[in-house]
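Counting from 627, one number per residue, gives the positions in the sequence shown under our numbering. Backbone N, C-alpha and C fix where the C-beta goes; we use that ideal spot for every residue, glycine too. Bear in mind that the values here come from a model prediction, so they are computed numbers and not experimental data. Data first, discussion second: the structure below is written as structure tokens.
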Amino acid sequence: MSYSLNRSISATHKEKRSEFIGYSKPIIKVNDVNIFIKKLKSKHPASRHICWAYRLFIDDKIIENSTDAGEPSGSAGLPILNTIKHHNIVNCGIFVVRFFGGVKLGKQGLINAYKTTAELVIAESVLHKWVPKSQYQISASIQSFGKIANVVQQNDGKIISDMTLEKLNLLIELPVEKYNDFKTEFDEITQNSGTIKKRSEHDQTKEVRK
Numbered sequence: 627m628s629y630s631l632n633r634s635i636s637a638t639h640k641e642k643r644s645e646f647i648g649y650s651k652p653i654i655k656v657n658d659v660n661i662f663i664k665k666l667k668s669k670h671p672a673s674r675h676i677c678w679a680y681r682l683f684i685d686d687k688i689i690e691n692s693t694d695a696g697e698p699s700g701s702a703g704l705p706i707l708n709t710i711k712h713h714n715i716v717n718c719g720i721f722v723v724r725f726f727g728g729v730k731l732g733k734q735g736l737i738n739a740y741k742t743t744a745e746l747v748i749a750e751s752v753l754h755k756w757v758p759k760s761q762y763q764i765s766a767s768i769q770s771f772g773k774i775a776n777v778v779q780q781n782d783g784k785i786i787s788d789m790t791l792e793k794l795n796l797l798i799e800l801p802v803e804k805y806n807d808f809k810t811e812f813d814e815i816t817q818n819s820g821t822i823k824k825r826s827e828h829d830q831t832k833e834v835r836k
């Protein structure tokens with residue numbers, strides 16, 4: 627089972643006079659990471675490092691990335707990412723701001739400190755069951771509107787927007803695991819005359835920016 631976050635949380639860990647401030651952040655696209663890093667740099671201008679990792683569900687696959695941000699290779703970003711993965715969290719970024727206290731921790735000490743900070747942040751977070759979903763543009767005869775709307779609901783989906791004029795034109799969201807069942811029923815209702823087109827993350831991002 628996978629999980630997601632519904633809000634940002636912070637937690638602090640101290641190790642040999644170094645201070646580590648961790649932040650969890652719900653994210654839906656890579657640019658969310660860049661925006662939040664800029665906010666943290668502005669909030670903590672005296673920090674030595676801002677290390678991070680994220681896991682995103684984009685176009686039906688998990689995208690992961692992390693950075694050590696100047697710390698020794700593998701000592702910061704990877705421990706944060708592995709902690710996120712251990713808890714099966716998606717659409718989430720964890721950012722750790724470090725203030726150097728004058729005592730070197732060594733690579734293993736850094737690994738433990740960044741891992742501990744990430745664990746503290748997750749422990750303070752409220753996790754929700756997460757189900758992978760995708761959006762689809764569907765078109766069919768307007769006479770089938772009611773039946774198709776019912777099938778969307780029966781498959782735990784929802785109508786995102788209704789652009790119907792002379793012809794049924796809906797943007798819907800469905801759990802990925804329900805798509806095949808929906809398509810079978812959709813084809814039966816429309817007698818294979820309707821169309822279903824999956825929307826990519828890129829398409830969704832463009833719509834948000836308008």
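- Taken atom to atom, the span from the alpha-carbon of residue 801 to that of residue 663 is near 31 Å.
- Per DSSP, residue 700 lies in no alpha helix (DSSP H) segment and is marked neither H nor E.
- Residue 648 carries a strand assignment under DSSP once its states are collapsed to helix, strand and coil.
- Selection 765, 714, 707, 761 evaluated against residue 737 yields 707 as nearest (Cα-Cα).
- In the DSSP assignment, residue 732 falls within the alpha helix (DSSP H) that extends over 732 to 750.
- Within the stretch 781 to 834, the runs of beta strand (DSSP E) at least 3 residues long that lie entirely inside it are, in chain order, 784 to 788, 794 to 801, 821 to 824.
- In the assembly as shown, residue 791 is an exposed residue. Its beta-carbon has fewer than 16 other beta-carbons within 10 Å.
- In terms of CA proximity to residue 779, 811 leads the group 748, 811, 672.
- Residue 654 sits away from residue 666, with the two beta carbons spaced by 8 Å or more.
- Looking at 628, 631, 740, the one whose alpha-carbon comes closest to that of residue 647 is 740.
- A distance below 7 Å between beta-carbons, with the five flanking residues on each side excluded, links residue 703 to the following residues of its chain, in chain order: 677, 678, 679, 692, 693, 694.
- Of the residues 746, 720, 645, the one whose Cα lies closest to the Cα of residue 726 is 645.
- Burial is judged here by how many other beta carbons sit within 10 angstroms of a residue's own beta carbon; residue 772 has fewer than 16 and is exposed.
- Taking C-alpha positions only, residue 633 is separated from residue 717 by approximately 11 Å.
- Cβ atoms of residue 762 and residue 824 come within 8 Å of each other, at about 5 Å.
- When 685, 690, 671, 638 are compared, the shortest CA-CA separation from residue 659 is found for 690.
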